[in-house]
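Working notes, beginning with the structure itself.
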Amino acid sequence: MTASKSTWHDIPLMPHSGEEIFNMVVEIPRGANEKMEIWEDPAVIDSETHAKGDDDPLDACEIGSQVGYTGQVKRVKMLGAFIVLDQGETDWKVVVIDVEDPLAARLNNLLDVEAEMPGLLTS
């Protein structure tokens, strides 16, 4: 019998303390309409948008060149985040890149993403 693993409880958010590298579990690969998520509380008013959370998990968008597969754990670095107001609710989007991606060393924030990959964040 194989022991099951919970992507919510058994995989640490940060693989090593002191690094700003995070574990991201690919829920559904890029190219589909699915995303990796962490919950946004609908009872909490966001200080930036003054709107409630959308009661959906937080969306992590991995922009590297290699499309992941369902269940894959990727070590990623966060490049930034932006807010989408969807029907009056706050919906955060976190932009990350796999640390093994060839562009990872050159991308450290959203301005770098726009310089290296023009138009990606506006599409």
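Counting in this note's numbering, the sequence shown runs from 6 upward without gaps.
By construction, the Cβ of each residue, glycine as well, lies at the ideal position given by its N, Cα and C atoms.
Quick caveat, the model's predicted, so the values are computed rather than measured.
What first and last residue would you give for the beta strand (DSSP E) that runs through residue i?
i: Glu94; result: 94-103
i: Val30; result: 26-30
Using the Cα positions of residue i and residue j, report the straight-line distance between them to the nearest angstrom.
i: Cys66; j: Val118; result: 13 Å
i: Leu112; j: Val78; result: 20 Å
i: Phe87; j: Lys98; result: 5 Å
i: Met41; j: Val31; result: Any reading at Met41 must be qualified, since the residue scores a pLDDT of 49, below 50, and its modelled position is unreliable; the value itself is stated next. Straight-line Cα distance between these residues: approximately 6 Å.
i: Pro20; j: Arg80; result: 8 Å
i: Leu90; j: Leu125; result: 19 Å
i: Ala109; j: Leu116; result: 14 Å
i: Ile102; j: Thr127; result: 17 Å
i: Asn114; j: Ala48; result: 30 Å
i: Gly23; j: Thr75; result: 28 Å
i: Pro17; j: Met122; result: 30 Å
i: Gly85; j: Ala37; result: 22 Å
Going by Cα to Cα distance, which pick from the options is closest to residue i?
i: Met29; options: Leu126, Ala110, Asp15; result: Asp15
i: Val72; options: His55, Met83, Glu53, Arg35; result: Arg35
i: Ile33; options: Asp106, Glu25, Asp64, Ile26; result: Asp64
i: Pro107; options: Leu126, Leu90, Gly69; result: Gly69
i: Glu53; options: Glu121, Thr95, Phe27, Ala120; result: Thr95
Give the range of the alpha helix (DSSP H) segment to which residue i is assigned.
i: Leu90; result: No alpha helix (DSSP H) contains Leu90, which is instead part of the beta strand (DSSP E) from 78-91.
i: Val49; result: Val49 -> no alpha helix (DSSP H), and no H or E assigned at all.
i: Leu116; result: 115-121
Could you pull out every residue in the same chain whose Cβ sits closer than 7 Å to the Cβ of residue i, ignoring the five residues on either side in sequence?
i: Val104; result: Ile26, Arg80, Val81, Lys82
Within the same chain, show all residues whose beta-carbon is closer than 8 Å to that of residue i, passing over the 5 residues directly before and after it, in chain order.
i: Val56; result: Just to set this straight, residue 56 is Ala in the shown sequence, not Val. Contacts found: Ile50, Leu90, Gly93, Glu94, Thr95.
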